[in-house]
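These notes are about the structure you will find just below.
In my numbering, the protein residues as written are 1 to 225.
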């Protein structure tokens, strides 16, 4: 009878092969079903792996692109008459940018040239404003003879425009000499902020404040209270 110490282990070679080959599943990395899927993938023939990789790479990818939001455009003559009002204008422009994109385009002012009267300045500025108005979108021209609105009606009207006008809304304001009749005829709406005559920079502040107030009403923000 062969002593127990001299008996041959029938599984010795198998254990050695397993130790050299390593564990069947990686110790670090995917676990559970993902690890079993990965181990089964490695056992597949080469042509099967290539076919699986091709199917994965050729799978169409759905890319969802958000449409460009409605934009507010402001068109007026360049003016540096009051630095404090200019700072307030910039402040409200930055506030509105939190809700909608904003674009400001200032045309060259005609004031200061000798030998020109107010009528000539108005015609020149109005021609530049007309050239800068985009063909698409909704155009609002501010005029004291236009349509008056209170803050709530203005907010509801503006909210409807943000839905119905994907190309944006352009607000046109004149300078201290006013606007020509051609600009008024170009408007889709004549809007009046007040029946009184306002300085053009103060009119910009009032318009921007009302637009920001309307944005807070649309988003139910407590600014308007």
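All C-beta atoms in this analysis are idealised placements derived from N, C-alpha and C, irrespective of residue type, glycine included.
- Let me know if residue 117 comes out buried or exposed under the rule of 16 or more other beta-carbons within 10 Å of its beta-carbon. With fewer than 16 Cβ atoms within 10 Å of its Cβ, residue 117 is classed as exposed.
- Task: Go through its chain and collect everything with a Cβ distance to residue 99's Cβ below 6 Å, but skip five positions before and after it.
- Result: Hits under 6 Å: 215.
- Item | Separation of residue 108 from residue 218, as counted between CA atoms | Cα to Cα, residue 218 sits roughly 35 Å from residue 108.
- Message: Please return the same chain residues whose Cβ sits closer than 6 Å to the Cβ of residue 223, not counting the five positions on each side in sequence.
- Response: Within the same chain, residue 223 has close Cβ partners 216.
- Item | Beta-carbon spacing of residue 95, residue 168 below 8 Å | Not closer than 8 Å, so no.
- Message: Does the stretch 153-169 come into contact with the stretch 119-133, if we say contact requires no fewer than three beta-carbon pairs (one atom in each stretch) closer than 8 Å?
- Response: They do not touch, by the three-pair rule.
- Item | Selected residue, minimal CA-CA separation from residue 200, among 75, 70, 69, 137 | Nearest to residue 200 by alpha-carbon distance, out of 75, 70, 69, 137, is 75.
- Do the CB positions of residue 183 and residue 130 come within less than 8 Å of each other? Yes, they are a contact pair.
- Item | For residue 107, the three-state DSSP class (helix, strand or coil) | Note: residue 107 maps to strand in three-state DSSP.
- Message: For residue 133 and residue 139, I'd like the C-alpha separation in whole angstroms.
- Response: Per the coordinates, the alpha-carbon of residue 133 lies some 8 Å from the alpha-carbon of residue 139.
- DSSP three-state call for residue 173: helix, strand or coil? Under the three-state reduction of DSSP output, residue 173 falls in the coil class, being neither helix nor strand.
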